[in-house]
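What follows is a set of notes on a single structure, which appears directly below.
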Amino acid sequence: MTEQERYEKIDLPFYRGEVRPILPAAVLDFHAHVWSRSQWRQVPYEDGSPGGRYMVVDTEYPVESLRAHARRILPDNEYEAVCFGMPTPQADVEKTNRYLAEAGVAGWVYPLMLAGKGLASREELEEALTRRAFRGYKVFLNWFGDDYGERTINDMLSPVEMEPADRLRLIVLLHVPRAGRLADPVIQEGVRALAKGYPGAQIVLAHCGRCYLPDEMSKAVGCLKGLDNVWLDTSMVMDPTVLQIVMEELGPERLLFATDFPVPAMRGRRVYLLDHWVDLVLPGPSPSAYRVTSNDMRASFMVYEIILAIRRAAERARIPEAELRAIFHDNGMRLLGRVKV
Ligand SMILES: [Zn+2]
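According to this note's numbering, the sequence shown holds residues 386 to 726 in order.
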């Protein structure tokens, strides 16, 4: 089967029958990447960097590619996205941020700048924010893949970044470190301190705090209770139970639909075995850690699995339809509307 035949025979009918009926006409994706090799210093999966093969991706993914993926995968929906570059040491931060600021001119891209402890001085950061191109930060990860060691949130963010975030109500999109993810007590303490210390900042935890497994979310969810400036993005979360826990314990208004493009343009599903996730994918993508390739299954774009997981969770948690639809657009727009830039 050719790519186009697969698209017409499997993907499109599945989208029109199962996916589109769940979605509002306009979708806001709260976590999408764009980049070009020319904005990178190195390619960690080619140079043997520790953790460098955690997530192997194409080196070219400009804003036009994101647009093309959105058109192909969600063809009947309007699509807007909160976007940022490659947030690891492989990126040239200055080139990446410049590219994002330019991409924001198109109107459908809401750019976040790469920011993090020690990356820019207070003056440089304030200067970048006065250009009014950014809605906030994608917090820089000073490591590759799962080589985060014992890093804490305090190692990633300082008052230099957080004071403007508090004042301007910036989005602070944070990918938490450590093997225990948001279930780790040190991370939980870090998130609570950040949220309480900077109540104006709008903190979004990427990948639901990296809790792809229900057991992780069960242990994590309690730490977010009582914090009204923390949200969770659904990028690459495909387990309905994880999302059901969030809906029941925190409420659906804390969830922001997100993809993590280009990753979920792969056909397959993120599943879990024992205590870790693994991506089951149809042939095509390059080999990567935690990626199992097989032709012996039917599959479509992972974006659909994220959307279906949200729908299944909402059914079990008995979430009203309007609140389910808000996850795909209005919840995130509310955050963007509060940013003072
Ligand atoms: Zn991402």
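Quick reminder that beta carbons are idealized off the backbone N, C-alpha and C, glycines included.
Exercise for review: Give me the Cα-Cα distance between residue 706 and residue 485, rounded to the nearest whole angstrom.
Suggested key: Within the sequence shown, residue 706 is the residue found at index 321, counting from 1. Within the sequence shown, residue 485 is the residue found at index 100, counting from 1. Separation of residue 706 and residue 485 (C-alpha to C-alpha, rounded to the nearest whole angstrom) is 34 Å.
Review point. How about residue 645: is its Cβ closer than 7 Å to a heavy atom in ligand 1?
Key: One-based indexing of the sequence shown puts residue 645 at position 260. Yes, the beta carbon of residue 645 sits closer than 7 Å to at least one heavy atom of ligand 1.
Review point. Should residue 542 and residue 524 be called a contact, given that it needs their Cβ atoms to be closer than 8 Å?
Key: Translated into the one-based positions of the sequence shown, residue 542 becomes position 157. Translated into the one-based positions of the sequence shown, residue 524 becomes position 139. Taking 8 Å as the Cβ cut-off, residue 542 and residue 524 qualify as a contacting pair.
**Study point:** In chain order, each alpha helix (DSSP H) run of at least 4 residues that lies wholly inside the stretch 680 to 708
**Key:** For the stretch 680 to 708, whole alpha helix (DSSP H) runs of length 4 or above, ordered along the chain, are 687 to 701.
Check your understanding: How many whole angstroms separate the CB atoms of residue 558 and residue 591, which I take to be in contact at a CB cut-off of 8 Å?
Key -> Along the sequence shown, read from residue 1 onward, the residue named residue 558 stands at position 173. Along the sequence shown, read from residue 1 onward, the residue named residue 591 stands at position 206. Contact flag correct, Cβ pair sits at about 6 Å.
Review point. How about residue 418: is its Cβ closer than 7 Å to a heavy atom in ligand 1?
Key: Against the sequence shown, residue 418 aligns to sequence position 33. For residue 418, the CB falls within less than 7 Å of some heavy atom of ligand 1.
Review point. DSSP state of residue 486, grouped into three classes?
Key: For this step, residue 486 is matched to residue 101 along the sequence shown. For residue 486, the three-state secondary structure derived from DSSP is helix.
Check your understanding: Using a Cβ-Cβ cut-off of 8 Å (strictly less than) and excluding sequence neighbours within five positions of residue 477, which residues of its own chain qualify?
Key -> The residue given as residue 477 occupies position 92 in the sequence shown. Spatial neighbours of residue 477 in its own chain (CB-CB distance under 8 Å, excluding positions within 5 residues in sequence) are listed in chain order as 424, 425, 426.
**Study point:** Closest by C-alpha distance to residue 632, when choosing among 702, 657, 711
**Key:** One-based indexing of the sequence shown puts residue 632 at position 247. The residue with the shortest Cα to Cα distance from residue 632 is 702.
Review point. Per DSSP, what kind of secondary structure is residue 396 in: helix, strand or coil?
Key: Residue numbering aside, residue 396 sits at position 11 when the sequence shown is read from its first letter. Residue 396 carries a helical assignment under DSSP once its states are collapsed to helix, strand and coil.
**Study point:** residue 561, DSSP secondary structure in three states
**Key:** Within the sequence shown, the letter at position 176 stands for residue 561. Reduced to three states, the DSSP call for residue 561 is coil.
Review point. Ordered along the chain, which non-local residues of its own chain (more than five positions away) have a Cβ less than 7 Å from that of residue 575?
Key: If you number the sequence shown from 1, residue 575 lands on position 190. The answer, listed in chain order, is 537, 538, 539.
Exercise for review: Give every residue of the same chain whose Cβ lies closer than 6 Å to the Cβ of residue 708, excluding the five residues on either side of it in the sequence, and list them in chain order.
Suggested key: Along the sequence shown, read from residue 1 onward, the residue named residue 708 stands at position 323. Only 637 meet the Cβ criterion.
Exercise for review: Let me know if residue 601 comes out buried or exposed under the rule of 16 or more other beta-carbons within 10 Å of its beta-carbon.
Suggested key: Position 216 of the sequence shown, counted from the start, is the residue given in the question as residue 601. Residue 601 is buried by the Cβ-count criterion.
Review point. What's the C-alpha gap between residue 395 and residue 407?
Key: For the purposes of this step, residue 395 is taken as the residue at position 10 of the sequence shown. For the purposes of this step, residue 407 is taken as the residue at position 22 of the sequence shown. Linking residue 395 to residue 407 through their CA atoms gives a straight-line distance of about 18 Å.
Check your understanding: Are three or more beta carbon pairs between the stretch 653 to 664 and the stretch 465 to 473 nearer than 8 Å?
Key -> Verdict: no, contact absent.
Check your understanding: Could you give the distance in angstroms between the alpha-carbon of residue 604 and the alpha-carbon of residue 535?
Key -> Mapped onto the sequence shown, residue 604 falls at position 219. Mapped onto the sequence shown, residue 535 falls at position 150. Rounded to whole angstroms, residue 604 to residue 535 spans 19 Å at the Cα level.
Review point. Do residue 670 and residue 687 have their CB atoms nearer than 8 Å?
Key: Here residue 670 is taken as the residue at index 285 of the sequence shown, counted from 1. Here residue 687 is taken as the residue at index 302 of the sequence shown, counted from 1. In this structure, residue 687 does not lie closer than 8 Å to residue 670 by Cβ.
Check your understanding: What do you reckon, is the C-beta of residue 591 under 7 Å from a heavy atom of ligand 1?
Key -> Position 206 of the sequence shown, counting from 1, holds the residue named residue 591. For residue 591, the CB falls within less than 7 Å of some heavy atom of ligand 1.
Exercise for review: Please go through the same chain and pick out, in chain order, the residues whose beta-carbon is closer than 6 Å to the beta-carbon of residue 409, but skip the five residues on each side of it.
Suggested key: Against the sequence shown, residue 409 aligns to sequence position 24. Closer than 6 Å at Cβ, skipping near neighbours: 710, 713, 714.
Exercise for review: In the DSSP assignment, find the alpha helix (DSSP H) that holds residue 551 and state where it starts and stops.
Suggested key: The sequence position of residue 551 within the sequence shown is 166, counting from 1. That run of the alpha helix (DSSP H) goes 544 to 553.
Review point. Quick one: does the C-beta of residue 421 sit closer than 7 Å to a heavy atom of ligand 1?
Key: Translated into positions along the sequence shown, residue 421 becomes position 36. Between ligand 1 and the CB of residue 421, the shortest heavy atom gap is not smaller than 7 Å.
Point to revise | Proximal residues to residue 724 (C-beta, below 8 Å), its chain only, five neighbours per side dropped | key: Taking the first residue of the sequence shown as 1, we reach residue 724 at position 339. Result list for residue 724: 520, 521, 553, 554, 555, 556, 587, in chain order.
Check your understanding: Under 8 Å, do residue 646 and residue 412 count as touching if we go by C-beta distance?
Key -> Here residue 646 is taken as the residue at index 261 of the sequence shown, counted from 1. Here residue 412 is taken as the residue at index 27 of the sequence shown, counted from 1. With contacts defined as CB atoms closer than 8 Å, residue 646 and residue 412 fail to qualify as a contacting pair.
Check your understanding: CB residue 529 to CB residue 402, shorter than 8 Å?
Key -> By one-based count along the sequence shown, residue 529 stands at place 144. By one-based count along the sequence shown, residue 402 stands at place 17. Cβ distance not < 8 Å, so residue 529 and residue 402 don't count as in contact.
Review point. Among 698, 454, 516, 498, which residue has its Cα nearest to the Cα of residue 414?
Key: Position 29 of the sequence shown, counted from the start, is the residue given in the question as residue 414. Of the listed residues, the one whose Cα sits closest to residue 414 is 454.
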